[in-house]
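Notes follow the structure.
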Amino acid sequence: MKVMNSERLSYRLMDQNDGEILWQLDQDPEVMKYISGGKINTMDDINTIFLPRMAKYTNPEQGWGLWQVCDKISQEYLGWVLVRPMDFFSDEPKYKDIELGWRFFKKAWGKGYATEAAQAIKDALVEQTDIDYVSAIALEENVGSINIMKKIGMTFLKKELHQDPLGDLDAVYYQMPTK
């Protein structure tokens, strides 16, 4: 799958050589607030947990993986957008229901970058792959992420325990059909 540059942003599917820039983003407790309660990741966490997990779901043809988001002009790294099947690490991944997630440096917050990136990647998924739904989850108090979900066309689906090998969390689910 290809993601075309949007108005202000460029995109690149990240790989196993991107550990350093993944680690940089995870060093701000405010960025990590709704992910790990503010606990920052060590480089060892990135190398032994995060990169192996990313390798399991990365599929360039389907567009699955982490998409690096950069300012189109300066090439400054702003954050990333996750693309993978919902419930990927469960016994029953939902290959026709694709999860979007995002993480951006605090300096990029409030400027519409995450919304622009999520919209561009969602549009590429809908146009270039055969999926039925695009979904996202967040903690209920993560109003910023929920607002992005709404802006890109998702609506509230349910509140439920999201199970993940790294830890379960009570999450709100948003979704939109693609057809």
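Note that the sequence shown covers residues 82 to 260 in this note's numbering. Just so you know, even glycine gets a beta-carbon here, dropped at the ideal spot from N, CA and C.
Using the C-alpha atoms, what's the distance from R165 back to T129? Counting only the Cα atoms, R165 lies some 20 Å from T129.
Cβ-Cβ separation, A205 to V84 (assumed contact under 8 Å), whole Å: 5 Å
Beta strand (DSSP E) runs wholly inside the region 99 to 175, at least 3 long, in chain order: 146 to 152 and 158 to 167
Applying the 10 Å Cβ sphere with the 16-neighbour rule, what's the burial state of V112? buried
Once you ignore the five residues that flank T139 on each side, which residues in its own chain have a CB closer than 7 Å to its CB? W145 and G146
Residue range of the unbroken beta strand (DSSP E) whose run includes I233: Per DSSP, I233 belongs to no beta strand (DSSP E) and is neither H nor E.
Just how far apart, CA to CA, sit R184 and T210? 23 Å
Can you check whether the CB of E221 is closer than 7 Å to the CB of V253? Taking 7 Å as the cut-off, the Cβ atoms of V253 and E221 count as close.
Residues of its chain near W104, where Cβ-Cβ distance is below 7 Å and the 5 sequence neighbours each way are ignored: N122, M124 and I127
In the DSSP assignment, what residue or residues form a beta bridge with F185? G160
Just the C-alpha distance for N86 and S171, rounded to the nearest angstrom, thanks. 33 Å
Which residue wins for smallest C-alpha separation from E261, given the options P258, G100, S91 and Y92? The structure shown does not extend to residue 261, since the chain is modelled only from 82 to 260, so the question has no answer here.
Determine the closest residue to H243 out of G225, F169 and D213, with distance taken between C-alpha atoms. F169
Candidates L163, K153 and I154: which alpha carbon is nearest A136's? L163
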